[in-house]
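Visitor: Residue numbers (this note's numbering): 7 to 170. We put the beta carbon where it would ideally sit given N, CA and C, even for glycine.
1) Measure the CB-CB distance between residue 107 and residue 72 and report whether it falls below 8 Å.
2) Going by the CB atoms, is the gap between residue 89 and residue 125 shorter than 8 Å?
3) In terms of alpha-carbon separation, which member of 117, 97, 113 and 149 lies closest to residue 78?
4) At 3 residues or longer, and completely inside the region 18–64: list those beta strand (DSSP E) runs for me, N to C.
5) Expressed to the nearest angstrom, what Euclidean distance is found between the alpha-carbon atoms of residue 151 and residue 157?
6) Going along the chain, which unbroken runs of the alpha helix (DSSP H) with 4 or more residues stay wholly within the region 78–148?
7) In the DSSP output, which residue or residues are listed as bridge partners for residue 164?
8) If you drop the 5 nearest sequence neighbours on each side, which residues of the same chain put their C-beta closer than 7 Å to that of residue 35?
Now the structure itself:
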């Protein structure tokens with residue numbers, strides 16, 4: 007247990023301490039994530055090679071096409087390093103396809119996820135791409151209409167108590 011705590015401590019940062027965030031830039035909407043982080047004055051880098059992971063304090067795996075992202079993770083030899091770093095407490099956050107990539111298991115058993123989060127995910131849970139749509143919503147507390155985009159998002163169908 008002490009060894010695990012020491013490994014995790016190397017990724018711990020104090021509140022207010024500057025973080026250097028990496029965004030996996032292999033496929034998907036990595037540019038949008040980088041732009042959003044830059045607009046909030048974050049120190050951000052595109053991550054295109056496994057060696058670049060050593061220079062960041064955390065990683066975002068963006069949305070995109072999960073099968074393609076996993077194929078590129080394997081082609082560029084990210085898998086072993088990501089799994090090893092995650093086991094040491096390296097923070098990784100996945101959005102949409104990024105969450106799929108991080109899952110333990112997928113309901114359709116493809117692609118082969120990284121098994122970083124103890125969740126089972128159903129890809130395209132809300133239909134196919136043709137079923138995606140946009141709608142202006144009225145949301146309490148927000149002035150005017152909110153432009154919402156409904157996509158073929160994944161859904162977590164199973165998780166254990168270790169997952170918040």
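Guide: With the structure as the only source:
1) Yes, Cβ-Cβ distance for residue 107 and residue 72 is below 8 Å.
2) Residue 89 sits away from residue 125, with the two beta carbons spaced by 8 Å or more.
3) Comparing Cα-Cα distances from residue 78 to each of 117, 97, 113 and 149, the minimum goes to 117.
4) Listed in chain order, the complete beta strand (DSSP E) runs (minimum 3 residues) inside the region 18–64 are 26–30 and 49–53.
5) Rounded to whole angstroms, residue 151 and residue 157 show a C-alpha spacing of 19 Å.
6) Unbroken alpha helix (DSSP H) runs of no fewer than 4 residues, entirely contained in the region 78–148, are found at 85–93 and 103–108, following chain order.
7) 126.
8) Correct list, in chain order: 68, 69 and 70.
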